[in-house]
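**Student:**
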Amino acid sequence: MENLIALLVAAPLLGAAVLLCGGRRLDAVGHVIGTVLAAVSFVIGAILFADMLGKDEEHRAIAQHLFSWIPVEGFQADVAFQLDQLSMTFVLLITGVGSLIHLYSIGYMEHDERRRRFFGYLNLFLAAMLLLVLADNYLLLYVGWEGVGLASYLLIGFWQHKPSAATAAKKAFLVNRVGDMGLSIAIMLMFTTFGTFAFGPVLESTGETSEGTLTAIGLMLLLAACGKSAQVPLQSWLGDAMEGPTPVSALIHAATMVTAGVYLIVRSGEIFNAAPDAQLATTVVGAVTLLFGAIVGCAKDDIKKALAGSTMSQIGYMILAAGLGPIGYVFAIMHLVTHGFFKAGLFLGAGSVMHGMNDEVDMRKYGGLRKYMPVTFVTFGLGYLAIIGFPGLSGFFSKDKIIEAAFAKGGTEGWILGSVALLGAAITAYYMTRVMLLTFFGEERWRNQPTASPADPSVEPAAEHQGAHAEPHPHESPRSMTIPMIVLAFGSVFAGAFFGIGDRFMHWLEPVTEHAHGHPPIGATTVTLSTVAVMVIGVGAAYLQYGRRPVPVVAPRGSLLTRAARRDLLQDDFNHVVLVRGGEHLTRSLVYVDHTLVDGVVNGTAASMGGFSGRLRKLQNGYARSYAVSMFGGAAILIAATLLMRAV
Amino acid sequence: MSAQLAAYSTSTGEAFQFWVLGTVAVVGALCTVFMKKAVHSALCLAGTMIILAVFYLANGAYFLGVVQIIVYTGAIMMLFLFVVMLVGVTAADSLKETIKGQRWLALLCGLGFGILLCAGIGNASLNEFNGLAQANSGGNVEGLAALIFTKYVFAFEITGALLITAAVGAMVLTHRERTERAKTQRELAEERVRENKQLPPLPAPGVYARHNAVDIAGLLPDGTASELTVIKTLRDRGQIRDVSNDAIKDLKALEQRSEERLGREEEATK
Amino acid sequence: MNPVNYLYLAALLFTIGATGVLIRRNAIVVFMCVELMLNACNLALVAFSRMHGNLDGQIIAFFTMVVAAAEVVVGLAIIVSLFRSRHSASVDDASLMKL
Amino acid sequence: MSFPLLTATAALPALGAIATAAVPAARRTAAKWLALLVSLATLVLALVVLVRFDPDGDRYQLTESHAWIKDFGVRYELGVDGIAVALIALTALLIPFVILAGWHDADPLETKSSRWRPTQGFFALILGVEAMVIISFEATDVFLFYIFFEAMLIPMYFLIGGFGDRAHAGSDEHAAAQRSYAAVKFLLYNLVGGLIMLAAVIGLYVVAGNFSLQEIAEARANGSLDMATNTERWLFLGFFFAFAVKAPLWPLHTWLPNAMGEATAPVAVLITAVVDKVGTFAMLRFCLQLFPEASKWATPVILVLALISIIYGALLAVGQRDIKRLVAYASISHFGFIIMGIFAMTSQGQSGATLYMVNHGISTAALMLVAGFLISRRGSRLIADYGGVQKVAPVLAGTFLMGSLATLSLPGLAPFVSEFLVLVGTFSRYPAIGIIATFGIVLAALYTLVLYQRTMTGPVKAEVSAMPDLRVRELVVVTPLIALLIFLGVYPKPITDIVNPAVKQTMSDVQKKDPQPEVEAAK
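Top line first, the protein sequences correspond to chains A, B, C and D.
With this note's numbering, the residue at position 557 of the first sequence is 557, and numbering never jumps.
With this note's numbering, the residue at position 126 of the second sequence is 774, and numbering never jumps.
With this note's numbering, the residue at position 72 of the third sequence is 990, and numbering never jumps.
With this note's numbering, the residue at position 358 of the fourth sequence is 1375, and numbering never jumps.
Shown next, in the form of structure tokens:
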């Protein structure tokens, strides 16, 4: 069984290698190979899962040691995998949702001549993510970590001819790199502290070192998590990442990239448990991001960006939960899984809507689409209900638990965090309802006015086949796209109940992330009720604003907050002014310095030498006799020198 | 004591000779440097060399002494004199210095150098003179020969090569190959006509004055001397005696004398 | 008298010769001064040979003479051709080495 | 007396150079093939060395020793330790690619006369450089090393000054002026360094009485030769200065951008990937072994300088408008890492540094050569002249991306291993410096990705639209390099196994122990 673990990673990796190196002759079958290999990896995951269920709780974790990677004096890095319940959960999520997205992409990217490469990148993405969750030491995890960054870079910038896409990709990679810096520093700290960075030894011996060190490590890990999971202050890349094809967004948001941060924190639970300050920081980051993303989500008219905002805030929930320590880990992961289902569903739905609307993304130009694309409507709707935490659907169970845990943290913190979480739930309900109403209800605003087709006709080749400039003809998407949406819809409906009822999921994860029952100051039922209540309020508010009155096609100027939120709460502007501008000035001045100062000193000496020699040249008057004089004088001096030497 | 003294002192005769001739040698050397005319320098140098030859003999280097006289004074100095004649006996270069500060620098260096040398010799305690008595026992020339043809034989051979090379080099340097045949009288004449140079033969020197030596320029009607009348070589050497104005002087003297005579005659009439 | 005086004399002559080389402009005289220096050296060598009581010094002096002879021949030839080409025997006229 | 393998490894390319130079002017292609074959044969010999070398054997192996200049105790002493073996292998590996990449760089222009024979000269010079580099890796006699360390400059000078990049903005005269400026700058910088080193070498002889690295090192170790503290420090500085110029270390770096910018891409690779390695290598072999105390004394300053190089080089790379100059500044940053690793005095740092030399050689070669292909197609070095290449020449863009990723040391590619080792090694002794150096990672990502974005992505520029994709020859050059990058990234063990013992030796020379983790984790 152990030997299968490597295959999990190997299958998609092989796919990536074959597809990227294969060349044009694979264009015809590329997508098939990619999807099949993703599916293969899912099947292997399922087999291992079944095997794991067969064992008793204590012996479920299995490991595989491949080879010694970097053997240096006192520094041992191995390529070794470990598969425990936590990793298993991720493996299933990644490969499962991933395979579905592959399937979906076959239809979505049908008309893109670079589809083969697209699938290659998707496979690479899966492989990297699997490596990340299967690694048994932080360094190997780091490899997966950066690999994910690379894959996201390639995929976000897939339509490279669009400068915006290229920029977005670069931005994503850079912001992630900042996070990666945190991770690498954390690893160095571990090495200097524990002399190793394998999960086992490190996490076991957290007790033997000072809290300060652990806090430092924890904060560095948090920084890393912020980078990958788009948490404040490193969240700015997520919105721009929408430049990529929609399946990519689905993959990034639901299954792979952004969940990595949560995984990292939960995996390093022991460290955080021993470092309360780090935990506090984590919860704060989670809470802030939760509100941040929600507010941004309310203001965006671009359907994908609205969903991006929601992702941000949902991940905020998870980070918050993870920051709560043992009482939260399980729920963080549980929400992660359910979120994986419904967010993937939502994104695929959005993709399908765009697919039918000539890749129009402005929700204000949608409206009344439900009767044109019923399947999309239903699946999207289910996803919607799930995310707002409609009782009985998956989102309800996971999010509710998190809010409980937040309160259970106790003390003022508990109250603050809990109420923030509640507020977040309300806002979530509001903006998701807004999205729903704008898209599927109301009058058909896309009629008798040409869609603002993208400036560059070659943009989004997926659109080229349908007269991009004419009035859109909304239509249901092909089978290959609807099936994954249906499957995901099932997931988003029942997953929560399946996990939540009887705490099945909790018991499943407990051996890894030892769970502690928190005792909220107010009863669980109260919390549940209030959650539902705020949800209803949010929905109502949204209905009053968008359901009753007709929606203007052109967005109104809006309040200051709205405008700020449209610009991601000015975070990008800040980055631009402070980092980009500052950096440009710095580099430019440095180039100048290098050319004038460092180089100038040298050239200066050279010039002065030249002048000196020019003056010296006057002595060379060409008269043999004056040369002779100097010779003679030299001889005299020599004699003098010898005499002196002898005298001394 | 006395034995040691004997080791590094010489007979008073030699001492006397040294002081006298040494002074002369130094004077000769100085003259060599400071004489205006090259000929004089050469002669002074010759003198110095002869004195050196004497010193060689005094130092027991009989062979060298003789060679010095024969080779140097006899051959080399004569060669010098030849060249001087070739270049011009009186080609005296003005001792006026052209390069700024050269002379003072030279003298300074020279002075310093000399002092330093003497100082060096001075503090090199050279008191061991074990004479050439047994080195020259078998005769000086034999001793040298023994060394030259055994120890220094290769150097000797090489000097032979050197001498030959020098001789050939001298020939190459001085010999000028005549590339085209000599011009005939007619050709020369025609050339002169073509270039319109001095068609008739050059005027003879001193014709219009009362002299007729080759080195005296003839006078033009206005009494100035004409360079043309003197041969080129003399002109190059600047060996033209200008008599234009002593001719006038002679005339003055003549008139005076005649006046005196006339005056005496007047007195006679009273 | 101490035979070392010969050395002093040699030093003196050498210095005079050297100074002459520096001062005079007439190539021939310069050349004579060079000869003077050579001779001074010879005198020193002879004195040394007497001092050490072996003939090697004289041998060297002998070789010096031979080489001097060769050198004089070539040097004078050079002077003559120089004079031919530029009608002057001044060393300063041959100052084409300046830049 | 066994077969003198090391001598042969160095002599083969030297003879090859002579032979290549002797090929008649008309038989240009023959010269190229000859050079290629010779370099391949050298590679084979280098591999033999690699195989014959026993990591667990004594320190210097395959040694040869003959008296050379008896009066000064100069001996012709060769011997290789693990570090040298790795670098010799690297050199011998890169040269064939350099030759292949420069296949047409030295074809004579029509304007020149037919007797003009640059091609032979170009390849002969490359082989000459190879020979000298290899022998200076092998030399265990300080004087012998010095000679070739200096002699290297001559062929490099002609390679830089004589065979400029034909893709030059501005007139030919301007190009020529720029080129000669760069060449002279290169020569002067390195000569000054070399002369100061010569002084130090002589000083060493005065102090130690001979030039043999082994003898001196032993004498230093067993205390039979003790230098006055100041003497040792001065000698150390003399050596270090020369190596720092060669490496190059801030603020002695300014010759590198000019040289790499003006030279053809293969020559640029030769400079940064092969010749400069001699500098860092020599720091490891000579500075640390001969002057351990002084090295420890100078460590803080050197580390700070290295740190400045890292950040400064990266920032300047961001600011460049010229592709090749950008790569040059990136290299400066990387050399900062190498030197930092060497003087962190931890076995991770030094193993990392050695790995870094190898990996940086390969990665820079990959990036620079692809950039060269790119430049030769468009005829311009300015980043602004490119755009959308990815659409017209995907393979070229792909290889270029791989090169860039290697340069930003992406995990999974070789440079990551070395860079992380260096960082860990430094961090475990000097945490602050380690952390600051980590910023270099972000900056590296910045300049490489900016370069890739501006050249490869975006709308296709008109001048680029007709650009052909990589040809077979170019693929043959690039593919093995990239494959190697991936392999060494996943499985660096072959190299680390060779390097580790040597590093352990060096650590014992400087009498330094790795800092121990504060918690002895349950392994």
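Note that beta-carbon positions come from the ideal geometry of N, C-alpha and C, so glycine has one too.
It should be emphasised that the depicted structure is a prediction, and the values quoted were computed from it without experimental measurement.
Which residue from D:D1243, D:F1390, D:A1048, D:A1063 puts its Cα closest to that of V1286 (chain D)?
**Tutor:** Counted from its first residue, the fourth sequence places residue 1286 (chain D) at position 269. Minimum Cα distance to V1286 (chain D) is reached at D:F1390.
**Student:** Find the residues of chain B that neighbour V648 (chain A), judging by a C-beta separation of less than 7 angstroms, and give them in chain order.
**Tutor:** Taking the first sequence and counting its residues from 1, the one referred to as residue 648 (chain A) is at position 648. Near V648 (chain A) there are no residues of chain B at all, since even the closest Cβ is about 13 angstroms away, more than 7 angstroms.
**Student:** To the nearest angstrom, how far is it from the Cα of E464 (chain A) to the Cα of T376 (chain A)?
**Tutor:** The residue you call residue 464 (chain A) lines up with position 464 of the first sequence. The residue you call residue 376 (chain A) lines up with position 376 of the first sequence. The predicted model places E464 (chain A) with a pLDDT of 41, which falls under 50 and marks its position as unreliable, so this point remains unresolved.
**Student:** According to DSSP, simplified to helix, strand and coil, what is F390 (chain A)?
**Tutor:** Walking along the first sequence from the start, residue 390 (chain A) turns up at place 390. Coil, per DSSP.
**Student:** According to DSSP, which residues form a beta bridge with Q82 (chain A)?
**Tutor:** Looking up residue 82 (chain A) in the first sequence gives position 82. A:A63.
**Student:** Would DSSP call L8 (chain A) helix, strand or coil?
**Tutor:** To locate residue 8 (chain A), count along the first sequence from 1; it is residue 8. Helix at L8 (chain A).
**Student:** Using alpha carbons as the reference points, say which of D:I1512, D:K1510, D:G1415, D:T1371 lies closest to A1388 (chain D).
**Tutor:** In the fourth sequence, counting from the first residue as 1, residue 1388 (chain D) sits at position 371. Considering only alpha carbons, the answer is D:G1415.
**Student:** Can the beta-carbon of T680 (chain A) be found less than 9 angstroms from the beta-carbon of L134 (chain A)?
**Tutor:** There is no way to answer for residue 680 (chain A), as the model of chain A reaches only from 1 to 648.
**Student:** So which residues of chain B does R625 (chain A) contact, with C-beta pairs closer than 7 angstroms?
**Tutor:** As a working note, residue 625 (chain A) is residue 625 in the first sequence. Within chain B, the residues near R625 (chain A) are I747, Q750.
**Student:** Please give me, in chain order, every unbroken run of the beta strand (DSSP E) with length at least 3 that falls completely inside the stretch 408-449 of chain A.
**Tutor:** Counting only runs of 3 or more, we get nothing.
**Student:** To the nearest angstrom, how far is the alpha carbon of S1241 (chain D) from that of I1233 (chain D)?
**Tutor:** Taking the fourth sequence and counting its residues from 1, the one referred to as residue 1241 (chain D) is at position 224. Taking the fourth sequence and counting its residues from 1, the one referred to as residue 1233 (chain D) is at position 216. About 9 angstroms.
**Student:** Looking only at its chain, what residues have a beta carbon closer than 8 angstroms to the beta carbon of F804 (chain B), apart from the 5 residues adjacent to it on each side?
**Tutor:** Working through the second sequence from its first residue, we reach residue 804 (chain B) at position 156. Result list for F804 (chain B): I796, F797, in chain order.
**Student:** Among D:K1313, D:T1465, D:V1262, whose alpha-carbon lies nearest the alpha-carbon of T1363 (chain D)?
**Tutor:** Working through the fourth sequence from its first residue, we reach residue 1363 (chain D) at position 346. Measuring from the Cα of T1363 (chain D), the nearest candidate turns out to be D:K1313.
**Student:** Find the residues of chain A that neighbour L1427 (chain D), judging by a C-beta separation of less than 7 angstroms, and give them in chain order.
**Tutor:** In the fourth sequence, counting from the first residue as 1, residue 1427 (chain D) sits at position 410. The answer, in chain order, is E146, L150.
**Student:** M950 (chain C) and F728 (chain B) look like a contact to me (Cβ under 8 angstroms); what is the Cβ gap, rounded to whole Å?
**Tutor:** Your numbering for residue 950 (chain C) matches position 32 in the third sequence. Your numbering for residue 728 (chain B) matches position 80 in the second sequence. Going by Cβ atoms, the distance from M950 (chain C) to F728 (chain B) rounds to 6 angstroms, so yes, they are a contact pair.
**Student:** List, in order along the chain, the chain C residues whose C-beta lies closer than 7 angstroms to that of M697 (chain B)?
**Tutor:** Stepping through the second sequence from its first residue, residue 697 (chain B) is reached at position 49. Within chain C, the residues near M697 (chain B) are N957.
**Student:** Just to confirm my understanding: we take A10 (chain A), look at its own chain, exclude 5 residues before and 5 after, and list those with CB closer than 7 angstroms. What are they?
**Tutor:** What you label residue 10 (chain A) is simply residue 10 of the first sequence in a count that begins at 1. None.
**Student:** Determine the extent of the alpha helix (DSSP H) in which A640 (chain A) is found, giving its start and end residues.
**Tutor:** As a first step, residue 640 (chain A) is located in the first sequence; it is residue number 640 there, counting from the start. Where A640 (chain A) is concerned, the enclosing alpha helix (DSSP H) stretches over 624-647.
**Student:** By alpha-carbon positions, which one of A:A254, A:T587, A:P12, A:R615 ends up nearest to G147 (chain A)?
**Tutor:** As a first step, residue 147 (chain A) must be located in the first sequence, where it is residue number 147. Per the Cα distances, A:P12.
**Student:** Scan the stretch 704-723 of chain B for residues whose Cβ lies nearer than 7 angstroms to a Cβ of chain A and list them as they occur along the chain.
**Tutor:** Listed by position, the residues of the stretch 704-723 of chain B near chain A (Cβ gap below 7 angstroms) amount to none.
**Student:** Which class does H1083 (chain D) belong to by DSSP, given the choice of helix, strand or coil?
**Tutor:** By one-based count along the fourth sequence, residue 1083 (chain D) stands at place 66. H1083 (chain D) falls in the strand class under three-state DSSP.
**Student:** Can you tell which of D:L1117, D:S1019, D:I1112 has its C-alpha closest to the C-alpha of R1488 (chain D)?
**Tutor:** As a first step, residue 1488 (chain D) must be located in the fourth sequence, where it is residue number 471. With distances taken between Cα atoms, R1488 (chain D) lies closest to D:L1117.
**Student:** Can you tell me which of the three DSSP states R889 (chain B) falls into?
**Tutor:** Here the question's residue 889 (chain B) lines up with position 241 in the second sequence. In this structure, R889 (chain B) counts as strand in the three-state DSSP scheme.
**Student:** Using a Cβ-Cβ cut-off of less than 7 angstroms, give me the residues of the stretch 804-831 of chain B that come near chain C, in sequence order.
**Tutor:** Answer in chain order: T807, L810, L811, A814, A815, G817, A818, L821, T822.
**Student:** When the Cα atoms are used, what is the spatial distance from I637 (chain A) to L764 (chain B)?
**Tutor:** Here residue 637 (chain A) is taken as the residue at index 637 of the first sequence, counted from 1. Here residue 764 (chain B) is taken as the residue at index 116 of the second sequence, counted from 1. Roughly 9 angstroms between the two C-alpha positions.
**Student:** Determine the burial state of R615 (chain A): buried for a count of at least 16 other Cβ atoms within 10 Å of its Cβ, exposed for fewer.
**Tutor:** Start at 1 with the first residue of the first sequence, and residue 615 (chain A) comes out as number 615. Exposed is the call here.
**Student:** Classify T428 (chain A) as buried or exposed, calling it buried when 16 or more other Cβ atoms lie within 10 Å of its own Cβ.
**Tutor:** Within the first sequence, residue 428 (chain A) is the residue found at index 428, counting from 1. T428 (chain A) should be labelled buried.
**Student:** Quick check on this structure: which residue in D:R1250, D:Y1222, D:P1411 has the alpha carbon closest to the alpha carbon of G667 (chain A)?
**Tutor:** Given that chain A is displayed from residue 1 to residue 648, the structure contains no residue 667 (chain A) and the question cannot be resolved.
**Student:** Decide if the stretch 193-202 of chain A is in contact with the stretch 235-255 of chain A; the criterion is three or more beta carbon pairs, one per stretch, under 8 angstroms apart.
**Tutor:** Not touching, per the Cβ criterion.
**Student:** Classify A1479 (chain D) as helix, strand or coil using the three-state DSSP reduction.
**Tutor:** Position 462 of the fourth sequence holds residue 1479 (chain D). Note: A1479 (chain D) maps to coil in three-state DSSP.
**Student:** With 9 angstroms set as the bound, which would you pick, yes or no: does the beta-carbon of T738 (chain B) sit closer than that to a beta-carbon of chain C?
**Tutor:** Here residue 738 (chain B) refers to the residue found at position 90 of the second sequence. Confidence at T738 (chain B) is low in this model, with a pLDDT of 49, below 50, so its placement is unreliable and no value can be given for it.
**Student:** If we define contact as Cβ-Cβ less than 9 angstroms, is V629 (chain A) a contact residue for chain C?
**Tutor:** Taking the first sequence and counting its residues from 1, one reaches residue 629 (chain A) at position 629. Taking Cβ atoms only, chain C reaches closer than 9 angstroms to V629 (chain A), which makes this a yes.
**Student:** Within the stretch 1237-1263 of chain D, note down every full beta strand (DSSP E) run reaching 3 residues or more, in order along the chain.
**Tutor:** Here no run is fully enclosed.
**Student:** Is it buried or exposed for G207 (chain A), if we count other Cβ within 10 angstroms and need 16 for buried?
**Tutor:** Looking up residue 207 (chain A) in the first sequence gives position 207. G207 (chain A) should be labelled exposed.
**Student:** Which residues mark the beginning and the end of the alpha helix (DSSP H) in which V1286 (chain D) is found?
**Tutor:** Taking the fourth sequence and counting its residues from 1, one reaches residue 1286 (chain D) at position 269. V1286 (chain D) -> alpha helix (DSSP H) spans 1282-1286.
**Student:** Which residues in the same chain as F1114 (chain D) place their Cβ atom closer than 6 angstroms to its Cβ, once the five residues preceding and following it in sequence are excluded?
**Tutor:** For this step, residue 1114 (chain D) is matched to residue 97 along the fourth sequence. Hits under 6 angstroms: V1494.
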